[in-house]
Each structure stands twice: as structure tokens, then as C-alpha cells.
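Below: one structure, written as C-alpha cells.
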Amino acid sequence: MSPALTMTRRVVQLLVGLFLYGFAISMMIRAALGISPWDVLSQGTVLHTGLNYAVVTNLIGVVVLLLWIPIRQKPGIGTVANVLLIGPSIEVGLWILPEVTDLVPRILLLVGGLLALAVATGLYIGARFGPGPRDGLMTGIHRRTGWPIWVVRTSIEVIVLSIGWLLGGNVGLGTLAFALLIGPLVNVTLPLLRVPEARRVEPELDEVPA
């Protein structure tokens, strides 16, 4: 694939992945079976600080970015795009998806949201423009330690969930499913959707100038 086509694929993959990420979150919100571990942490922090939910979410994001320093993780365009695009895509998803009350459709929304989030994570991280704050923590620890992606992601989600629960955040079945399943799912989608880096072509011996 030519460099131009590769770059086009990376940009499209980044944008599609970020939109799908936000849409997946809106699916889980509509399922109303439990919020994600990071949202549990934000909710618990709000209860103890009285700060605005959006402010707490941003502050947690800053703290997570600071954790990038010891693992030598560098932000990229994808990190900035993550902050700018996921919020609006969540709003679009909530506008499109109606509220549901029956249990079976809610379960289907939760399962679909988890699967979509795993695919979205593989898409936008696989575009190689840099992960978002929370996913960057996962990939950075994976790179520095060599631990499997699913182990790192699941460990982070369980730790965050435990802290949020201790602070009084709301935990549901969907929260536990997210914490336990998102790691193994992302472990599958990341290798499949990563855009390969251009291979350096070594010159033939007879092409090397004397």
C-alpha cells in the first residue's frame, strides 16, 4: 500500500474509531445496567468533592496523563482527537438511540456496546496516532512490562472500579461485565486492526554506491 493510501486509511480509521467509541458508550448508557469503571470513579469523586462531573472527569484525565511520565508514553494527535470527538459522538448516540425499559433490549445494548467499544479501541489505537489518556495508560504499561494487553486492561479496570466503589460510585452488572470483559476483547481487536508500519526496503548489494 502506498504511503498516501496508508495515511488515508489511518485518518479514516482514527475518526471512525473515535465516533464508534462514543457511540458505544451511549449504547451502554441507554442499557442502564451499570456505568463503566472510570465513570464509577468519577461519580464517587464527585460525591466526596462536590465538584462538577465534567470537571472531575477532566481532572482524572490529567492525573492519568501524568501517569504516562514514568512509563514514557507520549501523547499524539489521537490523544487530542480523543478529548475533542468522543464527547460529541456520545451526544449523537444518545440522540439517535431511544430510551428502553425492557430487560432484553437493554442486555443487547450492553453487549453490543461492549463489542463496539472493543472494536473502536482497536480502530483508533491501531491508526497509530496516539491513544487517549486511559487507553494510553494501558498500552504504555503493556509496552514497558510486556504483560498481555488483556491482563493490563483488566487490572486497570478492576483497580479503578474498586476505588470508585469505595468512594460511593454506582456499580451495576454492566460495570462488572465491562471491567472483566473489555481487556480480553481489546486483546483481540488491537492486533487485528493495527495499521502496519511501512517496511524499510534495504537496497540490493549491486545498488549500493561504491
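Counting from 486, one number per residue, gives the positions in the sequence shown under my numbering.
Heads up, the beta-carbon is just placed ideally off N, CA and C, and yes, glycines get one too.
Treat the numbers as computed from the prediction; the structure is a model and nothing was measured.
The alpha-carbon of residue 620 is positioned some 23 angstroms away from that of residue 516. Scanning the region 572-629 from its first residue to its last, no whole beta strand (DSSP E) run of 3-plus residues comes out. Assignment of residue 520 by DSSP, reduced to helix, strand and coil, places it in the coil class. Closest by C-alpha distance to residue 500, out of 591, 611, 595, is 611. The alpha-carbon of residue 625 is positioned some 5 angstroms away from that of residue 558.
By the Cβ test, the region 522-536 is in contact with the region 642-651, since at least three Cβ pairs between them sit closer than 8 angstroms. Taken through DSSP and simplified to helix, strand or coil, residue 498 comes out as helix. As the crow flies, the alpha-carbon of residue 675 is around 8 angstroms from that of residue 603. Excluding its 5 nearest sequence neighbours in each direction, residue 668 has C-beta neighbours in its own chain below 6 angstroms: 635, 638, 639, listed in chain order. The beta carbon of residue 502 sits closer than 7 angstroms to the beta carbons of 605, 608, 609, 612 from its chain, once the five residues preceding and following it are set aside; these are given in chain order. With 16 or more neighbouring CB atoms inside 10 Å of its own CB, residue 664 falls in the buried class.
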